[in-house]
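Visitor: A single structure is presented below for examination.
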Amino acid sequence: MKKLLSLTRSRAACGPIGLAVAMILQGPSSSAQEVNIASQRERVGRLVDEVVTADLELGVVKRRSKILRMKQDVFRVAIADPTIVEFVGFGSREAEIIGKEIGTTTMTLWLGDEDNAQLLSVLVTVTRDDAIEDQGRKDFADLSSLVNEMFPNSRVLLIPVADKVIVRGQARDEQEAVQIMSLIRKNADLLPGGVGGGNVVSGGTAADPFPDSRQATVGRTLINMLKIPGEKQVMLKVRIAELKRSAERDLGANLDLNIKEFMLKSVLTSGANVVASGTFNDGSFNLALKALVRNGSAKILAEPNLVTLSGHPATFLSGGQFAVPTVVGVGGAQAATTTFKGFGTSISFLPTVLDKDRIRLDVQPTFSTLNKDNSVGGVFGLDTRSATTVVDLREGQVLAIAGLLQEQQRGDSRRIPWIGDLPVLNLLTNSRNISRDETELIILVSPELVHPLEPY
Numbered sequence: 069m070k071k072l073l074s075l076t077r078s079r080a081a082c083g084p085i086g087l088a089v090a091m092i093l094q095g096p097s098s099s100a101q102e103v104n105i106a107s108q109r110e111r112v113g114r115l116v117d118e119v120v121t122a123d124l125e126l127g128v129v130k131r132r133s134k135i136l137r138m139k140q141d142v143f144r145v146a147i148a149d150p151t152i153v154e155f156v157g158f159g160s161r162e163a164e165i166i167g168k169e170i171g172t173t174t175m176t177l178w179l180g181d182e183d184n185a186q187l188l189s190v191l192v193t194v195t196r197d198d199a200i201e202d203q204g205r206k207d208f209a210d211l212s213s214l215v216n217e218m219f220p221n222s223r224v225l226l227i228p229v230a231d232k233v234i235v236r237g238q239a240r241d242e243q244e245a246v247q248i249m250s251l252i253r254k255n256a257d258l259l260p261g262g263v264g265g266g267n268v269v270s271g272g273t274a275a276d277p278f279p280d281s282r283q284a285t286v287g288r289t290l291i292n293m294l295k296i297p298g299e300k301q302v303m304l305k306v307r308i309a310e311l312k313r314s315a316e317r318d319l320g321a322n323l324d325l326n327i328k329e330f331m332l333k334s335v336l337t338s339g340a341n342v343v344a345s346g347t348f349n350d351g352s353f354n355l356a357l358k359a360l361v362r363n364g365s366a367k368i369l370a371e372p373n374l375v376t377l378s379g380h381p382a383t384f385l386s387g388g389q390f391a392v393p394t395v396v397g398v399g400g401a402q403a404a405t406t407t408f409k410g411f412g413t414s415i416s417f418l419p420t421v422l423d424k425d426r427i428r429l430d431v432q433p434t435f436s437t438l439n440k441d442n443s444v445g446g447v448f449g450l451d452t453r454s455a456t457t458v459v460d461l462r463e464g465q466v467l468a469i470a471g472l473l474q475e476q477q478r479g480d481s482r483r484i485p486w487i488g489d490l491p492v493l494n495l496l497t498n499s500r501n502i503s504r505d506e507t508e509l510i511i512l513v514s515p516e517l518v519h520p521l522e523p524y
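Counting in our numbering, the sequence shown runs from 69 upward without gaps.
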């Protein structure tokens, strides 16, 4: 039985219906199955006479053709994909094979007469025309030179890729970018595979000069990657909060559990007066801060939004000023003048855009309060808390600075009138209370790249 099965498989592999019979023979052997296989094989043999595969391979260049001369008459033609190749007959024995689009398809010819027809299957492959592509690149290079000559303050490079034309470079301003795109579109219509009726896809910072052309589907597509030079603007979202030390320790424990990327938690939970900074993504910290504000454990001192150019400083002051008298001059030519010195919450920023979304931020916060006990010549002194840090942030990340502590002690006494003035009874009736308040300032800064709005 094994010999019979192996012989059957070898014959099936050689015959025209070998594939169908080989599929039927798969599976476990049994007498019932062998009878079923034999009947199915006989049925397939009665229905299928021959499976024709490709007998000839033919290569044609796109937009070119080849002449095919046959020794017998061709009375029928079938093409699997007519968009790739076209068959044009000149009589019954001569035909032209034209390459239309790049790709591969099968063309079947029936030769002889209908009663005794012979089949010829041709595998046609249409390839790219290197000569036309080279000429197209040269033409687009000449067009690039023309555009650069007409607009000397801009730099434009045209790169043809398949059915697309990439417009790269830098335009002087938005108006000149529109003029450049209009000139390229009009002149590219005259080049091989011109862009007439194609799309305009904006990938740079220049506006699309043809908003109605996006519905077109024929011709090359212009990909606008022109960039408009200009300094980038940075918006700094700042939040300055004052937290009670006990509530802040609870906040530090919450950060330790919920924000793994936060680098400030070791300072928040410690008692050391150390200024520290860290970066994290705004999330649980914002929610925790709002919760502390609601229950009175924290207070938002300021929440400004500052916009400045990259590389230019921005300052913010929330507080007041006090007069400082000064004497100018020597000897009898002295004159008294008055200058004003600020106090309160002051922050200085210097953002620098390093990459597409990476910003280097130099932050210098200063917090000062008037101190009457530290006055000289009637001029008040200042209690100052300041810090300086430089960090690299991604757009949308948050910088946190903490460790700016302040400790205040307050004392009050209560006594009963008249009795509290007596030397012995005052010790029994008077009461004295001393309270100690420890607060800490936290500065949150989040940079974002912004662009001006277009005028109406």
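Just so it is clear, CB atoms sit at the ideal spot from N, CA and C, and this is done for glycine as well.
From a predicted model like this one, the values you see are computed outputs, not experimental measurements.
Where Thr394 and Phe408 are concerned, what is the direct C-alpha to C-alpha distance, given to the nearest angstrom?
Guide: Within the sequence shown, the letter at position 326 stands for residue 394. Within the sequence shown, the letter at position 340 stands for residue 408. Computed Cα separation, rounded: 10 angstroms.
Visitor: With a cut-off of 8 angstroms on the beta carbons, I'd call Ile166 and Val215 a contact; round off their distance for me.
Guide: Stepping through the sequence shown from its first residue, residue 166 is reached at position 98. Stepping through the sequence shown from its first residue, residue 215 is reached at position 147. Contact doesn't hold; Cβ gap of about 35 angstroms is too wide.
Visitor: As an exercise, report each continuous alpha helix (DSSP H) stretch of at least 4 residues that is fully enclosed by the segment 165-234, in chain order.
Guide: Complete alpha helix (DSSP H) runs here, min 4: 198-218.
Visitor: Quick check on DSSP: helix, strand or coil for Ala404?
Guide: On the sequence shown, position 336 is the one that residue 404 refers to. Residue state, collapsed to three classes: strand.
Visitor: Please look up how many angstroms separate the CB atoms of Asp231 and Thr289, rounded, as I've assumed it's under 8 angstroms.
Guide: Within the sequence shown, the letter at position 163 stands for residue 231. Within the sequence shown, the letter at position 221 stands for residue 289. At roughly 7 angstroms, the Cβ-Cβ gap stays under 8 angstroms, so Asp231 and Thr289 are in contact.
Visitor: Here's a check: name, in chain order, each residue in its chain whose Cβ is nearer than 8 angstroms to the Cβ of Glu169, leaving out the five neighbours to either side.
Guide: As a position in the sequence shown, residue 169 is number 101, starting the count at 1. So the qualifying residues of the chain are Lys130, Thr151, Ile152, Val194.
Visitor: Relative to the alpha-carbon of Phe158, which residue among Gly171, Phe143, Ile147 has its alpha-carbon at the smallest distance?
Guide: Numbered from 1 along the sequence shown, position 90 holds the residue referred to as residue 158. Measuring from the Cα of Phe158, the nearest candidate turns out to be Phe143.
Visitor: For Leu418, which residues in the same chain have their Cβ closer than 6 angstroms to its Cβ, ignoring the five residues on either side in sequence?
Guide: Residue 418 sits at position 350 when you count from the first residue of the sequence shown. Cβ neighbours of Leu418 beyond the five flanking positions: Pro381, Asp430.
Visitor: Counting only the same chain and skipping the five closest in sequence on each side, list residues whose C-beta sits under 7 angstroms from that of Pro297.
Guide: Taking the sequence shown and counting its residues from 1, the one referred to as residue 297 is at position 229. So the list reads Gln238, once near-sequence residues are dropped.
Visitor: Closest to Val145 by C-alpha separation, out of Met249, Ser99, Asn184, Leu188, would be which residue?
Guide: Your numbering for residue 145 matches position 77 in the sequence shown. Ranking the options by Cα distance to Val145, first place goes to Leu188.
Visitor: Terminal residues of the continuous alpha helix (DSSP H) containing Asn363?
Guide: As a first step, residue 363 is located in the sequence shown; it is residue number 295 there, counting from the start. Looking at the DSSP string, Asn363 is not in any alpha helix (DSSP H), and its letter there is neither H nor E.
Visitor: Please confirm whether Glu463 and Asp505 have their CB atoms less than 8 angstroms apart.
Guide: On the sequence shown, position 395 is the one that residue 463 refers to. On the sequence shown, position 437 is the one that residue 505 refers to. Not a contact, by the Cβ cut-off of 8 angstroms.
Visitor: If you measure from the beta carbon of Gly127 to each beta carbon in chain D, is any gap under 8 angstroms?
Guide: Any reference to chain D falls outside this structure, which holds one protein chain only.
Visitor: To which residues of the same chain is Val518 closer than 8 angstroms at the C-beta, ignoring the five residues directly before and after it?
Guide: Within the sequence shown, residue 518 is the residue found at index 450, counting from 1. Closer than 8 angstroms at Cβ, skipping near neighbours: Gln301, Val302, Met303, Val375.
Visitor: Where does Thr413 land, buried or exposed, given buried means 16+ other C-beta within 10 angstroms?
Guide: Numbered from its first residue, the sequence shown carries residue 413 at position 345. Counting Cβ neighbours within 10 Å, Thr413 comes out buried, since at least 16 surround it.
Visitor: Could you give the C-beta distance for Leu126 and Val192, rounded to a whole number, given that I count them as a contact under 8 angstroms?
Guide: The residue you call residue 126 lines up with position 58 of the sequence shown. The residue you call residue 192 lines up with position 124 of the sequence shown. At roughly 5 angstroms, the Cβ-Cβ gap stays under 8 angstroms, so Leu126 and Val192 are in contact.
Visitor: On the three-state DSSP scale, how would you describe Val396?
Guide: Mapped onto the sequence shown, residue 396 falls at position 328. In this structure, Val396 counts as strand in the three-state DSSP scheme.
Visitor: Using the three-state DSSP reduction, which class does Ile510 fall into: helix, strand or coil?
Guide: On the sequence shown, position 442 is the one that residue 510 refers to. Three-state result, Ile510: strand.
Visitor: Which residues does DSSP list as the beta-bridge partners of Met293?
Guide: In the sequence shown, counting from the first residue as 1, residue 293 sits at position 225. Looking at the DSSP assignment, Met293 forms a beta bridge with Arg236.
Visitor: Taking a contact to mean a Cβ-Cβ separation below 8 angstroms, would you say Ala470 touches Ile510 in this structure?
Guide: In the sequence shown, the residue the question calls residue 470 occupies position 402. In the sequence shown, the residue the question calls residue 510 occupies position 442. Going by C-beta atoms, Ala470 is nearer than 8 angstroms to Ile510.
Visitor: What are the residues that DSSP puts in a beta bridge with Gly388?
Guide: Along the sequence shown, read from residue 1 onward, the residue named residue 388 stands at position 320. Partner(s): Phe411.
Visitor: According to DSSP, is Lys300 helix, strand or coil?
Guide: Position 232 of the sequence shown holds residue 300. Residue state, collapsed to three classes: coil.
Visitor: Kindly list the residues whose CB is nearer than 8 angstroms to the CB of Phe448, restricted to its own chain and excluding five residues on each side of it in sequence; keep chain order.
Guide: Along the sequence shown, one-based indexing puts residue 448 at 380. The residues are Phe390, Leu438, Asn439, Lys440, Asn442.
Visitor: Based on the DSSP secondary-structure assignment, which residues constitute the bridge partners of Val153?
Guide: Mapped onto the sequence shown, residue 153 falls at position 85. According to DSSP, which records beta bridges pairwise, Val153 is partnered with Gly167.
Visitor: Looking only at its chain, what residues have a beta carbon closer than 7 angstroms to the beta carbon of Glu182, apart from the 5 residues adjacent to it on each side?
Guide: For the purposes of this step, residue 182 is identified with residue 114 of the sequence shown, where counting begins at 1. Within the same chain, Glu182 has close Cβ partners Phe143.
Visitor: List the endpoints of the continuous beta strand (DSSP E) containing Gln532.
Guide: Any property of residue 532 remains undetermined from this structure, which presents the chain solely from 69 to 524.
Visitor: Rank Arg205, Asp241, Val224, Leu512 by C-alpha distance to the C-alpha of Ser213 and give the top, closest one.
Guide: Residue numbering aside, residue 213 sits at position 145 when the sequence shown is read from its first letter. Comparing Cα-Cα distances from Ser213 to each of Arg205, Asp241, Val224, Leu512, the minimum goes to Val224.
Visitor: Mark Pro515 as exposed unless 16 or more other C-beta atoms lie within 10 angstroms of its C-beta, in which case mark it buried.
Guide: Position 447 of the sequence shown, counted from the start, is the residue given in the question as residue 515. Buried, because 16 or more other Cβ atoms sit within 10 Å of the Cβ of Pro515.
Visitor: Classify Asp505 as helix, strand or coil using the three-state DSSP reduction.
Guide: By 1-based counting over the sequence shown, the position of residue 505 is 437. Residue state, collapsed to three classes: strand.
Visitor: By the three-class DSSP mapping on this structure, what secondary structure does Gly527 have?
Guide: Here the chain comprises residues numbered 69 to 524, so residue 527 is not present and cannot be evaluated.
Visitor: Are there 16 or more other CB atoms within 10 angstroms of the CB of Met218, so buried, or fewer, so exposed?
Guide: Within the sequence shown, numbered from 1, the residue matching residue 218 stands at position 150. It is exposed - the Cβ of Met218 has fewer than 16 other Cβ atoms within 10 Å.
Visitor: Skipping 5 residues on each side, what residues in its chain have a beta carbon closer than 8 angstroms to that of Thr406?
Guide: Stepping through the sequence shown from its first residue, residue 406 is reached at position 338. Correct list, in chain order: Ala391, Val392, Pro393, Thr394.
Visitor: Need the endpoints of the beta strand (DSSP E) that Ser454 sits in, please.
Guide: Counting from one through the sequence shown, the residue named residue 454 turns up at place 386. Run containing Ser454: 447-454, per the beta strand (DSSP E) assignment.
Visitor: Given a cut-off of 8 angstroms on the beta-carbon distance, is the pair Ala163 and Phe155 in contact?
Guide: Taking the first residue of the sequence shown as 1, we reach residue 163 at position 95. Taking the first residue of the sequence shown as 1, we reach residue 155 at position 87. Yes, the Cβ-Cβ distance between Ala163 and Phe155 is below 8 angstroms.
Visitor: Cα-Cα, which of Gly388, Val421, Ala199 is closest to Phe411?
Guide: By one-based count along the sequence shown, residue 411 stands at place 343. Answer by Cα proximity: Gly388.
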